[in-house]
Structures are given as C-alpha cells and as structure tokens.
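The structure appears below as structure tokens.
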Amino acid sequence: MPHHALEITLTRPLSAAELHHAAQAWPLAANHNTTRLMALVGAKTPERAAHRLRRRLTARLPIDVITTHYADAHGQVLLNLALPPATHTALARDARHAGLTPERYVREALQRALAAHADQEAERLDHAVRHLLAHTSPAHLLSAVGHALITHPLEGPTP
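Counting in UniProt numbering, the sequence shown runs from 1 upward without gaps.
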C-alpha cells in the first residue's frame, strides 16, 4: 500500500500536552511553533489518506486543513477541508447553480483567486519598479537588484 505525506494546518498552536495526546493516535512531526504537522499515511489514494487522518485526529486537534505535502503528476495538491454544515449546504447550492460538483467549484474558485493574486502582485511590482526608475537609471537599479539578490538570497518580501 502506498504512503502519502500529508500536512495538517492547525487553527492555533498546540501545547506540548496537546501534541503529545495527538501523537498517541498518529505519529506526527511538528514545525517550530506547532501550527503545522506532518504525517505519513498508508492508503490507496491521497484522498483516502487525508480522510483517514482527519477521522483519527479531528477529536484531538484543531484542524483547519489537510493537504498533500507533494504535488501530484499534474502539479495539483489535494486540499481536504471540513466545512460547517451551513457552509457546505451553501457551497453545494452554488456549485449546483454553476453546473459543477462542489469540489470542482472550489477548485475553480481557488484558481481564480490565485490568478487574481498573481495579477495584483505583478501590478504591484510593476508600479514599484516604475517608481524606482523615476528616481534612478535602469543600470543603477539593475545593479542594486543584483547586489540584493547576491547578498540576501533567502529573504522574503517585506511588509
């Protein structure tokens, strides 16, 4: 039976006692602040693995979402959500009106949101570069970007 690496995102950090209690039900590895956990689950499919893990740990952990840790052959990551009944009913109704399954409806909504975010980020960067170019030459800007990438390659964006 294949094993699947799953990541559990929690709604809040765990105490040491909560983590220990959950680890008695399933072997888990926690990140530094116990807001994300990793588990290895044997199952025929990633969907079954996520379902099995959720069933076993829901009573022990404040689970927000379970995802596959690695993308599949199509670059897709499984997203396992447990929605409140009212939200699930509304989602099913909206999906039905759109002529889609709830899973497909959520997938397409997420893809639209990610595309919109990418467009907004590209626009933000374009605006920032234009602002920088208004006050310096392209050569100086390129030199500064190169220097920043070499001296701070692992730093992420600043707020």
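Even for Gly, the Cβ is constructed at its ideal location relative to N, Cα and C.
Predicted model, so just to flag it, every value in this text is computed and none were measured.
Task: Bridge partners - Ala39, DSSP secondary structure assignment - done: Looking at the DSSP assignment, Ala39 forms a beta bridge with Leu6.
Task: Where Thr68 falls, given that 16 or more other Cβ within 10 Å makes a residue buried - done: Its Cβ being crowded by 16 or more others within 10 Å, Thr68 is buried.
- [ ] Would you please state the rounded distance, in angstroms, between the beta carbons of Ala82 and Arg112? I believe it to be under 8 Å.
- [x] Actually they are not in contact, since the Cβ atoms of Ala82 and Arg112 sit about 23 Å apart, beyond 8 Å.
TODO: Could you check which residue in Asn33, His74, Ala29 has the C-alpha nearest to that of Thr11?
DONE: Asn33
Task: For Leu78 and Ala71, the rounded distance between their alpha carbons - done: 8 Å
Open item on the list: To the nearest angstrom, how far is the alpha carbon of Ala90 from that of His97?
Closed with: Inter-residue distance for Ala90 and His97 is about 11 Å (C-alpha atoms, whole angstroms).
Task: Per-residue DSSP class, three states only, for Leu79 - done: strand
Task: Sheet register partners of residue 219 (DSSP bridge) - done: Nothing about residue 219 can be reported from this structure: the residues present for the chain run from 1 to 159 only.
Task: Sequence-distant residues of its chain with Cβ nearer than 6 Å to Val65 (five each side left out) - done: Excluding sequence neighbours, Val65 sits near Thr9, Leu81.
Task: Distance, Arg93 Cα to Glu47 Cα - done: 23 Å
Open item on the list: Check for me: the alpha helix (DSSP H) holding Ser143 runs from which residue to which?
Closed with: 138-151
Open item on the list: Could you compute how far the alpha carbon of Pro62 sits from the alpha carbon of Leu125?
Closed with: 37 Å
- [ ] Name the residue from Trp26, Glu18, Lys44 whose alpha carbon lies nearest to the alpha carbon of His3.
- [x] Lys44
TODO: Output the boundary residues of the alpha helix (DSSP H) element that contains Asp126.
DONE: Here the alpha helix (DSSP H) through Asp126 covers 102-135.
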